Amino acid sequence: MADIKCGRSSGVKDADEKIQKICDEVKCQVEEKTNETYEVFKAVQYKSQPVQGVNYAIRVHVGGDSYLLLRVWKKLPCYGGDAVLSSVQ
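The opening position of the sequence shown corresponds to residue 593 in the numbering used here, with each subsequent residue numbered one higher.
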């Protein structure tokens, strides 16, 4: 079993379907916060940090040469398992 330490960030990893699904969950929150609509919204890379759930820093391609950095907290399943947008840069 992998040695996972609570609070320790992972290195940068390429985004996969799981990370894209998290991005899809928070897309409306991102559009509301940035006052923009994104036709392209593709997760590219991410870091994760296990806490009471998981904190994610996700680099998202939003078209052309533009990217966003999302900070997302994915709650534990016992707390609903929702993805909550913490910040957008």
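Cβ atoms here follow ideal geometry from the backbone N, Cα and C, with glycine treated the same way.
Predicted model only: the values in this text are computed from it and were never measured.
When DSSP reads this structure, residue 647 sits in a beta bridge with 641, 665. Of the residues assessed, residue 661 falls on the exposed side of the cut-off, its CB having fewer than 16 other CB atoms within 10 angstroms. Contact between residue 645 and residue 619 fails: their C-beta atoms lie close to 19 Å from each other, not under 8 Å. Out of 669, 638, 665, the CA that lies nearest to the CA of residue 603 is found in 638.
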